[in-house]
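One structure is given below, encoded as structure tokens.
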Amino acid sequence: MAATLTNPLRVGLRQERVIPPQCLIIFGASGDLTHRKLIPALFELFLQRRLSSEFAVLGCARRPWNDEVFRRTMAERLQPTVAAHPQAWEQFSQGLFYEPVDLQQPDHLARLAQRLEQVDRQRATRGERTFYLS
């Protein structure tokens with residue numbers, strides 16, 4: 001069996017990769033996948049300081065929620081983790097936003113575009129976006 005060698009010149013130089021400021025847009029954000037998998041994984045990255053403090057999530061779905069309802073719903077469903085890290089959750093949740101979107105309504109897409117611009121200004125994401133369709 002071959003032994004694995006490490007490069008002694010790299011010891012102490014390894015830097016953790018941090019995801020740059022961006023906005024993750026989740027279509028279907030009121031569904032099960034978002035609160036069971038996506039938001040917990042993002043919060044874990046936040047706790048590990050692997051997400052930029054300007055990182056934003058814009059949840060989109062047909063439910064007539066607003067930012068506060070989305071934040072409260074996510075907090076309720078992640079309760080044991082949120083209770084263990086209340087200050088971190090408070091900071092993380094400030095980057096959670098919600099926009100009701102019905103793709104059958106043309107004006108909803110225009111509102112979504114305006115909301116993305118608002119989040120870009122508020123969180124300094126500079127148009128860096130990732131779209132997640134669930």
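Using the working numbering, the first residue of the sequence shown is number 1, and each one after it goes up by one.
All C-beta atoms, glycine included, are put in the ideal place defined by N, C-alpha and C.
Residue pairing by DSSP places R129 opposite C23 in a beta bridge.
Judged by their CB atoms, F97 and V69 are not nearer to each other than the 8 angstroms cut-off. Out of R50, R72 and Q94, the CA that lies nearest to the CA of R17 is found in R50. For L38, there is no enclosing beta strand (DSSP E), since its DSSP letter is neither H nor E.
Leaving aside the five residues that flank C60 on each side, the residues in its chain whose CB is nearer than 7 angstroms to its CB run, in chain order, I25, I26, F27, A29, E99, V101 and L112. Straight-line measurement puts the Cα of T130 at about 14 angstroms from the Cα of E117.
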